[in-house]
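> In this text, residue positions in the sequence shown follow the working numbering: the first is 119, and each later residue adds one. The structure's right below; bear with me while I get my questions together.
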Amino acid sequence: MHLILNDEMGWIEVVTGSMFSGKSEELIRRMRRAKFANLEIIVFKHISDTRYDDTKVTSHSQVFIEAIPSSGVNEMRQIINDRYKNVKVVGIDEVQFFGDEVVDFCEELADKGIRVVVAGLDQDFRGEPFKPMDRLMAKAEYVDKFNAICVCCGNPASRTQRLVNGEPAYEDDPIVLVGASESYEPRCRKCHCVKKRG
């Protein structure tokens, strides 16, 4: 990735892919590099994501960075306006949990000259585009899509398999369910399965 280097220029970077593909770890890596460059940073995570820690973005491999839990875009905007007026880099993990308004928020930040780094799932457990990632990817200057390894066959895994009592979930199950390896596993196109009722 060749970054734009201009003090006045903001942009959006999207790190996406299936669960267990290294998205959060890459977000953490980019935010740490910005911090090493003495840039003021802030990292947000959704308040519902308490899988590993309440106040840290933590990868499945236990790499972490301090973060501010937030319930939505208005709260993130208020925190930046109140306490981080000079922020240069904003990171948002599990960005798909923040709803469609997060796209305009990211653009608003980038238009102010802020580098925005977001990480999130590009597909839901059914293999359908996870809103609002499709719009974020279209609006972003940089998009990196990561694959995990399929637990069934070892091929590149681009999908996230939801499991309920060890069995594939039904297609009409709720889209959002916060969980880790007890509820999800990475699968390739061939091994991914969504059950239909009846």
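Where is the CB? At the ideal position from N, CA and C, for every residue including glycine.
1. Return the CA-CA distance between VAL208 and ARG315, expressed in angstroms with no decimal places.
2. Buried or exposed, going by whether 16 or more other CB atoms sit within 10 Å of the CB of VAL282?
3. Taking contact to mean 3 or more Cβ pairs, one atom from each stretch, closer than 8 Å, check whether the segment 222–234 and the segment 167–187 are in contact.
4. Could you spell out where the alpha helix (DSSP H) holding LEU254 opens and where it closes?
5. Going by beta carbon distance, what residues of the same chain come within less than 8 Å of LYS313, once the five residues before and after it are set aside?
6. Hey, how far is the Cα of GLU143 from the Cα of PRO304?
7. DSSP state of VAL181, grouped into three classes?
8. For the pair the segment 239–257 and the segment 147–156, tell me if three or more CB-CB distances fall below 8 Å.
9. Exposed or buried, which one is PRO292 when buried takes at least 16 other CB atoms within 10 Å?
10. Exposed or buried, which one is ALA256 when buried takes at least 16 other CB atoms within 10 Å?
11. Taking the alpha-carbon positions, what's the VAL205 to VAL261 distance?
12. Taking the beta strand (DSSP E) that LYS308 falls in, what are its first and last residues?
13. For ALA258, I'd like the list of residues in its chain whose CB is within less than 7 Å of its CB, leaving aside the five on either flank, ordered along the chain.
14. Should ASP200 and PRO187 be called a contact, given that it needs their Cβ atoms to be closer than 9 Å?
15. Taking SER139 as the reference, give the member of TYR302, LYS308, CYS311 and CYS309 with the closest Cα.
16. Would you list the one or two residues that DSSP bridges to ARG315?
17. Between ASP240 and LYS163, is the Cβ-Cβ spacing less than 9 Å?
18. When the distance is taken between beta carbons, is PHE264 closer than 9 Å to SER136?
19. At the 9 Å Cβ level, is SER301 part of the contact set with chain E, yes or no?
20. Specify the secondary structure class of GLU131 as computed by DSSP and reduced to three states.
Straight from the coordinates:
1. 42 Å
2. If you draw a 10 Å sphere on the C-beta of VAL282, you find fewer than 16 other C-beta atoms in it, and that means exposed.
3. no
4. 251–257
5. GLU285, PRO286, ALA287, TYR288 and GLU289
6. 16 Å
7. coil
8. no
9. Sixteen is the threshold: since fewer than 16 other Cβ atoms of the shown chains lie within 10 Å of the Cβ of PRO292, the residue is exposed.
10. exposed
11. 22 Å
12. Counting along the chain, LYS308 falls outside any beta strand (DSSP E), and DSSP gives it neither H nor E.
13. ILE130, GLU131 and VAL132
14. No. Outside cutoff.
15. Among TYR302, LYS308, CYS311 and CYS309, the Cα nearest to that of SER139 is on TYR302.
16. Looking at the DSSP assignment, ARG315 forms no beta bridge with any residue, so it has no partner.
17. no
18. yes
19. You won't find chain E in this structure, because it holds only one protein chain.
20. strand
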